[in-house]
Structures are given as C-alpha cells and as structure tokens.
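Engineer:
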Amino acid sequence: MAITSLHTPGESRSAHHRRLDPVFHLFLWPTVALFTLAITVPAVMGIVLSFTNSVGFGEFRFTGLTNYIAVFSDPAILHAYGFTLWFSLVTVVLVNLIAFLLAIALTAKIRARVPLRAIFVIPMVISGIVIAYVFSYLFANSLPAAASALGFAPLEQSILANPSLAWLAIVVVTAWQSIPSALLIYIAGVLSIPSDVYEAAALDGASPWRQLRSITVPLTAGYIVINVIIGFKNFMNTYDIILGLTNGGPGTATTSVAMSIFSGFTNGDYSYQMANATIFFIIAVVIALLQLRATRGRTAF
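Heads up: the sequence shown begins at 233 in this note's numbering, then just goes up one per residue.
#1: Nearest to Ala-414 by CA position, among Phe-256, Leu-269, Phe-467, Asp-501, is which residue?
#2: In the DSSP assignment, find the alpha helix (DSSP H) that holds Val-324 and state where it starts and stops.
#3: Taking the continuous alpha helix (DSSP H) assigned at Ser-446, which residues delimit it?
#4: Expressed to the nearest angstrom, what Euclidean distance is found between the alpha-carbon atoms of Ala-438 and Val-403?
#5: Tell me the start and end of each unbroken alpha helix (DSSP H) in the segment 330–391 that is at least 4 residues and wholly inside, in chain order.
#6: Return the CA-CA distance between Leu-397 and Phe-384, expressed in angstroms with no decimal places.
#7: Taking DSSP as the reference, what is the three-state secondary structure of Phe-259?
#8: Give the straight-line distance between the Cα atoms of Thr-452 and Leu-522, rounded to the nearest whole angstrom.
#9: Restricting to runs no shorter than 4 residues, where is the alpha helix (DSSP H) found entirely within the segment 453–516?
#10: Could you pull the start and end residues of the alpha helix (DSSP H) that Val-273 belongs to?
#11: Along the chain, where does the alpha helix (DSSP H) that runs through Ala-393 open and close?
#12: Give the DSSP-derived three-state secondary structure of Phe-294 in the structure shown.
#13: Excluding sequence positions up to five away, which residues of its chain have a Cβ less than 8 Å from the Cβ of Ile-419?
#14: Please determine, among Gly-481, Thr-478, Val-325, Ser-359, the residue with the shortest C-alpha to C-alpha distance to Ile-462.
#15: Among residues of its own chain, excluding the 5 on either side of Val-303, which ones have a beta-carbon nearer than 8 Å to its beta-carbon?
#16: When burial is assigned at 16 or more other CB atoms within 10 Å of the CB, is Gly-480 buried or exposed?
#17: Output the boundary residues of the alpha helix (DSSP H) element that contains Leu-434.
#18: Which whole-angstrom value describes the C-beta separation of Gly-476 and Ala-364, a residue pair presumed to lie in contact below a C-beta threshold of 8 Å?
#19: Grab me the residues of Leu-387's own chain with a C-beta within less than 7 Å of its C-beta, minus the 5 sequence neighbours each way, in chain order.
#20: Enumerate in chain order the residues of its own chain whose CB-to-CB distance from Phe-464 is below 6 Å, with the five nearest sequence positions on each side excluded.
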C-alpha cells in the first residue's frame, strides 16, 4: 500500500519557503564571508608558507618539511610546549576547583550573595596586560617586603626572577583573571538544579557532602565540561599575562608556545614559526577532540 504524505503541496511549499527566508541569508553569508577572509584564508596561507623559506614578505621558495623537522629538533620549542601543557593543566584544575566551590557558596542562602557575585567577576573585565603589570609590581616589591618583615626567606626575592618559581606566579595571576568567567557558568549550572531534588535528598537524610557528591556534581557535569574545554583552550594560548609578568623569562623558563610563535614573526623566522603554529593548532584540535570523546555521554545537557 502506498504511503501518502500528510502534508499538502501547499504546506510543503510553505515550509520550504520558510527554510529559505531571506533574513537567514542576510545573517549567514556576511558572517561566512568575514570568517573566511579573517580566519580561513590567513590560516590556509600560513600553512602553505610553513613549507617555504618565507620571511613574511618578498620572494620565497618551497623547502618541503624542513621547517617541521627543525621544530621537532629545537630544544627551545620543545621546552615551550612542555611548559605550556603543564601550565595549562595546573591552571585549568585550579580555576575550575575554586570557581566551582565559589559557585556553591554564592548560590547558598547567605546575605549579600548578589553583591558578592558582582565583586568576584571584576577581574574578568580588566585587561590581562594591566593585571600582569600590577601583579608584577606586587611580586617584585610588595611580596618580598612582606616576606622580609615576617622573616620568610624563600620569598624575600622576587619569584619572577626564580626559574623554578616564576611559573607559579603566572598560574596565580591567570587563575585570578579566569575564575570569574568559570564562576558565572557554574552559578548558572547550580541554579538550574531544581530545589525539589535537594529537599528530597534532605528528607532521605543525605548530608550536605553527599548532596554535593551525588546531586550537584553529576547535574553540573555539562558545565564542568564546558569550563574545562574553554579554559584549556584559553590557557594554551596565554600570551599577554606571561608577557607582562616575565616576558618568557628568567631566560626561557616561562616561554609559552604562543610567545615563541609571535617572537618568530618579528625575528625573521616567519615560515619556521608558521610550521610551529600549524603543529600547535593540530595539537589543540586533538586535545579538544579527546576531551569531547572522554566526556561524551556524561554531560548534563
């Protein structure tokens, strides 16, 4: 028996017409054009130039995989990758842990929780380079002075000049600026949980810790995934805070991949650093895909 459509020809034409609403094209194609011109075309050009000896202008010739082989054998570049990955991992854990705990505190039934939320998001609206310069002064002057007054010898010298401790300063400052954005997402996640769930758990005798572990964390899993992925992506590309705090020093102890790429653009290593940037892009995509795969099916939405 033939199956007939439930829609009349007039209805099908009407639905097709709605799908092709001119307003859709008005918003879509200018956006696609801008994205293509500003992102896609420069990216493709950069990948092509990574196989050349270009210095960013003038004539060039193709050199094959020479730049890529040099990147993988460059100790400075390999150190930059190691520092960037370690810094990103530590910072994303610190930021999400503190932001999640603050979100729970700022959604509890406490006085002045709304003004407190406003205060905690202030660092998010301040420029990273401004924050870096302010903390640079604190680490170089105020903190050593306080340590000297208290007789705490390890901090009597600026930690920014210590190759073993400078990365900690970068983690602290980056976390200070990044916590507010993660906090807002976690607040939205916690507030989306129905209060009836907590009331039922309390009637069953669940302690606050059990409610946190069995209700809050599972029901905000999607928000945790979002913050981890966004945070890791942002920290992998950190540049301005490192520039303002240590400028990659002492020596090259805190040089990130982004810093090595940008410095190469002004030092005549354009094609070499484009190869570095291409590798960095591939690594970032792979990490994002692994994160999505590892958390698939565990999100709350």
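A virtual CB, placed ideally from N, CA and C, is assigned to each residue, including glycine.
Structural biologist: The short version:
#1: Here residue 414 is taken as the residue at index 182 of the sequence shown, counted from 1. Ranking Phe-256, Leu-269, Phe-467, Asp-501 by Cα distance to Ala-414 puts Phe-467 first.
#2: Counting from 1 along the sequence shown, the entry for residue 324 is found at position 92. Start and end: 307–338.
#3: Here residue 446 refers to the residue found at position 214 of the sequence shown. Per DSSP, Ser-446 belongs to no alpha helix (DSSP H) and is neither H nor E.
#4: Counted from its first residue, the sequence shown places residue 438 at position 206. Counted from its first residue, the sequence shown places residue 403 at position 171. So the two alpha carbons sit approximately 36 Å from each other.
#5: 345–352, 360–369, 375–382
#6: Along the sequence shown, one-based indexing puts residue 397 at 165. Along the sequence shown, one-based indexing puts residue 384 at 152. Distance between the alpha carbons of Leu-397 and Phe-384: 15 Å.
#7: For this step, residue 259 is matched to residue 27 along the sequence shown. The answer is helix: DSSP assigns Phe-259 an H, G or I state.
#8: Your numbering for residue 452 matches position 220 in the sequence shown. Your numbering for residue 522 matches position 290 in the sequence shown. Rounded to the nearest angstrom, the two C-alpha atoms are 20 Å apart.
#9: 453–468, 472–477, 489–498
#10: Locating residue 273 in the sequence shown gives position 41, where the first residue counts as 1. Counting along the chain, the alpha helix (DSSP H) containing Val-273 begins and ends at 273–281.
#11: Taking the first residue of the sequence shown as position 1, residue 393 is located at position 161. Run containing Ala-393: none; DSSP gives neither H nor E here.
#12: As a working note, residue 294 is residue 62 in the sequence shown. DSSP places Phe-294 in strand when its eight states are reduced to three.
#13: Here residue 419 refers to the residue found at position 187 when the sequence shown is read from its first residue. Answer for Ile-419: Ala-335, Leu-338, Thr-339, Arg-349, listed in chain order.
#14: Along the sequence shown, read from residue 1 onward, the residue named residue 462 stands at position 230. Minimum Cα distance to Ile-462 is reached at Val-325.
#15: As a first step, residue 303 must be located in the sequence shown, where it is residue number 71. Same-chain partners within the cutoff: Ile-309, Tyr-504, Ala-507, Asn-508, Ile-511.
#16: For the purposes of this step, residue 480 is taken as the residue at position 248 of the sequence shown. By the 10 Å Cβ count, Gly-480 comes out buried.
#17: By 1-based counting over the sequence shown, the position of residue 434 is 202. Rather than Leu, the amino acid found at residue 434 in this sequence is Ala. It spans 427–435 - the alpha helix (DSSP H) in which Ala-434 sits, taken as one unbroken run.
#18: Along the sequence shown, one-based indexing puts residue 476 at 244. Along the sequence shown, one-based indexing puts residue 364 at 132. Right, their Cβ atoms sit about 3 Å apart.
#19: What you label residue 387 is simply residue 155 of the sequence shown in a count that begins at 1. Correct list, in chain order: Leu-375, Pro-376, Ala-379.
#20: Translated into positions along the sequence shown, residue 464 becomes position 232. Hits under 6 Å: Ser-320, Val-324.
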